[in-house]
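Have a look at the structure below before the remarks.
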Amino acid sequence: MNLRESWARLTEQRPALLVADPELDLAENLADLIVRARVQAGLSQTEFAELAGTTQARVSQLERGTANPTLDSLTRVLNVVQRLLASSGAAKAAPATTATFSVADPEAAEAIATEQTAIAALKGVAFGYVPVGGATHVVGTTDKLVRVEGVQVAAVANSELALAA
Amino acid sequence: MAVWEVEFYDLDDRTDALAELAEEVTDRQLKRVKRQLGRLEEHGLNLDGDWFKKIEASDKGLWEFRMTADKVEVRFIYGLIGHRFLMLRGFVHKRPNDLNRHTPIAEHRLADWMEKA
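These protein sequence lines map, in sequence, to chains A and B. Going by my numbering, the first sequence opens with residue 72, and the numbers climb by one from there. Going by my numbering, the second sequence opens with residue 330, and the numbers climb by one from there.
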């Protein structure tokens, strides 16, 4: 029995497996993105780690969705992912800018992250949100303005912007 | 058509090696396992890195697929047949000798599968 068939049978027995878990999905989507970028570039975990200024062990954790990276570390990894995907041609329609948004309101940040996770599934990019020093940051890759419930955040490379009404 | 396949050893008409592993883990851990198995199916041996480890104690060509699910180490012993990962025995890795305990089961299942194939 293949993975799809076996999983379908399991979900019949354990319906809770079908319940969405945004935190888990975010970590796993990020892991998918990193693995895809690394494999398409033909890099080992060690080579990827060197590009991202981190360790092989940390890349291994990220690829398993179990890492708890700092905002700085995550930004560096996403920058490498973006470069690799762009150079492999896999991200022709993908965004060109890595932006870090600083959002004071955690609920707004979560809304942005959730929306961008959905977009990520289509574009092959990743977004995440992490609480840092009292504020909540949204990290991702985009070349578009992000609009959530009437609130607009300008995307500027590697900068932090306050949420603007 | 996908290049790589992930197939689970059937224990009987209603159960397979993934369902067997599922009894050992929580729903959340199982979701994580499924996502990592999905990565195996998508990238196959190109995953490389520390995802795979040869089982030196076996002469049947068996390997481990090494996953982590919320701080729990999960292993699947498999045999590679062409582009098909035949997943024989999954377990939560708790003690150093766990692999030695599960490898004979995987070897027996591989022999059974080969006989039926």
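A virtual CB, placed ideally from N, CA and C, is assigned to each residue, including glycine.
Its Cα nearest to that of LEU347 of chain B, the residue B:GLY419 stands out among B:ARG404, B:GLY419, B:LYS382. When the Cα atoms are used, THR397 of chain B and ALA446 of chain B turn out to be separated by approximately 32 Å. With a minimum length of 4 residues, the unbroken runs of alpha helix (DSSP H) contained wholly in the stretch 76–150 of chain A fall at 93–111, 116–123, 127–134. The stretch 381–399 of chain B makes no contact with the stretch 106–118 of chain A: fewer than 3 CB pairs, one atom from each, lie closer than 8 Å. With respect to the C-alpha of LEU376 of chain B, the residue from A:ASP103, A:LEU122, A:ARG129 having the closest C-alpha is A:ASP103.
Straight-line spacing of the CA atoms in LEU142 of chain A and VAL130 of chain A works out to 15 Å. For the 7 Å CB-CB criterion, GLU334 of chain B and ARG413 of chain B form a contact.
At least one C-beta of chain A is nearer than 7 Å to the C-beta of PHE337 of chain B.
In the three-state reduction of the DSSP assignment, MET72 of chain A falls in the coil class. In the structure shown, GLY411 of chain B falls within a coil segment according to DSSP collapsed to helix, strand and coil.
Assignment of beta-bridge partners to ALA398 of chain B by DSSP yields B:VAL401.
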